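Okay, structure first, notes after.
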Amino acid sequence: MTRLQDSALPRHPLRVGCGEWGFRNLPMADHFQIAAEFGFRELEFGIGGGQPGRLPEAPSAADIATFRALAATSGIATPGCCIENDFSAGGPEDVVAAVVKAIRQARVAAECGARQVRTFAGFTPWDAMDEARYSRMVDGLVACDRELERLGLSMAIETHGAIEHRPDGSAVHIHTVTTHPDGLRRLLADLPRRIGFNFDPGNLRAADPADRSCAVDLLRGRITYCHLKDWIGDGQGWRAVAVGDVADGIDWADLLPRTGYEGTYLIEYEPLHDTVDGIRRSLWALQSAGFELEY
Numbered sequence: 005m006t007r008l009q010d011s012a013l014p015r016h017p018l019r020v021g022c023g024e025w026g027f028r029n030l031p032m033a034d035h036f037q038i039a040a041e042f043g044f045r046e047l048e049f050g051i052g053g054g055q056p057g058r059l060p061e062a063p064s065a066a067d068i069a070t071f072r073a074l075a076a077t078s079g080i081a082t083p084g085c086c087i088e089n090d091f092s093a094g095g096p097e098d099v100v101a102a103v104v105k106a107i108r109q110a111r112v113a114a115e116c117g118a119r120q121v122r123t124f125a126g127f128t129p130w131d132a133m134d135e136a137r138y139s140r141m142v143d144g145l146v147a148c149d150r151e152l153e154r155l156g157l158s159m160a161i162e163t164h165g166a167i168e169h170r171p172d173g174s175a176v177h178i179h180t181v182t183t184h185p186d187g188l189r190r191l192l193a194d195l196p197r198r199i200g201f202n203f204d205p206g207n208l209r210a211a212d213p214a215d216r217s218c219a220v221d222l223l224r225g226r227i228t229y230c231h232l233k234d235w236i237g238d239g240q241g242w243r244a245v246a247v248g249d250v251a252d253g254i255d256w257a258d259l260l261p262r263t264g265y266e267g268t269y270l271i272e273y274e275p276l277h278d279t280v281d282g283i284r285r286s287l288w289a290l291q292s293a294g295f296e297l298e299y
C-alpha cells in the first residue's frame with residue numbers, strides 16, 4: 005500500500021498516525037501490519053475494555069513482551085495508550101477502585117512504550133453531574149495523574165459524550181463534562197495544567213452540532229492529543245464516518261490550524277466493515293483540504 009499523493013501544492017504540514025478504536029476486533033499483529041502498509045510511524049493502542057483488539061484488562065509479562073516485539077519488528081512507535089475508566093460513576097469507593105485500575109494499567113502502558121495515556125473523565129450526563137460527583141471525578145483524575153507523572157507519562161482526557169444506541173443502530177451523543185462548554189471550562193480551571201485533552205472534534209460536533217468550531221477556542225493551549233473522524237446524522241442519531249465523508253461536516257482546513265497542536269493527529273476511523281478504506285479516505289480528505297501529510 006503506497007502513501008497517498010496529491011498534485012495540489014500543500015499549504016500546511018500535518019503529522020499523522022493511526023488510532024486504535026477501528027482495530028478493536030482485529031488481532032494486535034494486524035494493527036501493526038496495516039499501520040506499516042500506510043507508512044504510519046505512530047500507532048495508538050488500548051488496554052482493557054473487553055475488546056479482542058486490545059491488550060487484556062490485566063496484561064501478563066508475556067502479553068507485554070509480545071506487544072513490544074511487534075513494535076520493535078515493525079519500527080512503529082506506540083506513544084499513546086487508551087485505558088477504559090469512569091471517574092464519575094458510583095460513590096467514593098467506586099472512584100478509588102477506578103483510580104487503582106487506571107494506575108495499574110498505566111504502568112503497563114509505560115512498559116509498552118507509551119508516553120501519554122488517554123483517559124475518560126466520565127460518562128455521567130452533564131445534566132446529572134452534581135457537585136459531589138464532580139469533586140470525586142476531579143480528585144480521581146488528579147490522583148491518577150500524580151502516578152502518571154512519577155512514571156514519566158502524561159494524561160490526555162478524551163472529549164466524549166455519553167452515548168445511547170438507538171434501535172435503528174444510530175448513536176445519540178449526550179453532553180458530559182468533557183463536551184459541554186461549561187463543563188470544559190470548569191475542568192480547565194480545576195485541573196493541573198500538565199493534564200491535557202484529547203481534542204476529538206467529531207465527538208464534540210456530535211454532542212453539540214451548533215458549535216461549528218468544536219470548542220477549539222476553549223481547548224487551545226491544553227490540546228496534547230488529537231483524534232480525527234466525523235459523524236453523520238443517521239436516523240435518530242449519528243453514525244461514525246471518515247474525515248471528509250460529510251459534505252457539511254467539519255471544516256478541517258479551517259479547524260486544525262486553529263488548535264495550536266503540534267503533535268501527531270491520529271486517524272480514528274471507527275466502523276469495522278471497511279477499516280482500511282476508511283483510513284485511506286481520511287488521508288485523501290486531509291490532502292484535499294490542503295495538508296501536506298507527514299508520517
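Just so we're on the same page, the working numbering is the position in the sequence shown counted from 1, plus 4.
Every residue gets a Cβ at the ideal spot worked out from N, C-alpha and C, and that includes glycine.
Because the structure is a prediction, the values reported are computed rather than measured.
Within its own chain, the residues whose Cβ lies closer than 7 angstroms to the Cβ of Ala244, once the five positions on either side in sequence are excluded, are Lys233, Trp235, Glu274, Pro275, listed in chain order. Ala211 has its alpha-carbon roughly 6 angstroms from the corresponding atom of Ile178.
Note on geometry: alpha-carbon atoms of Lys105 and Glu115 lie some 16 angstroms from one another.
Ser158: not part of any alpha helix (DSSP H); member of the beta strand (DSSP E) spanning 158–162, first to last residue. Asp249 sits in coil when the DSSP states are folded into three classes, being neither helix nor strand. The alpha carbon of Ala33 has as its nearest neighbour, out of Trp25, His16, Thr77, the alpha carbon of Thr77. In terms of Cα proximity to Gly267, the closest of Gly241, Asp249, Cys230 is Cys230. Comparing C-alpha distances from Arg285 to each of Trp256, Glu296, Tyr265, Gly248 shows the shortest one belongs to Gly248. Contact between Ala125 and Leu145 holds: CB atoms are separated by about 6 angstroms, below the 8 angstroms threshold. If you draw a straight line from the Cα of Trp130 to the Cα of Pro171, it comes to about 24 angstroms. The C-alpha of Ser217 is placed about 7 angstroms away from the C-alpha of Leu259. Between the stretch 18–31 and the stretch 45–58 there are three or more inter-stretch CB-CB distances shorter than 8 angstroms, so the stretches are counted as touching.
In this structure, Asn202 lies near Arg122, with their beta-carbon atoms less than 8 angstroms apart. The straight-line gap separating the alpha-carbon atoms of Glu151 and Leu157 is approximately 8 angstroms.
Residue pairing for Glu24: DSSP places it in no beta bridge.
Spatial neighbours of Phe49 in its own chain (CB-CB distance under 6 angstroms, excluding positions within 5 residues in sequence) are listed in chain order as Glu24, Thr82, Cys85. Under DSSP, Gly84 forms a beta bridge with Gln120.
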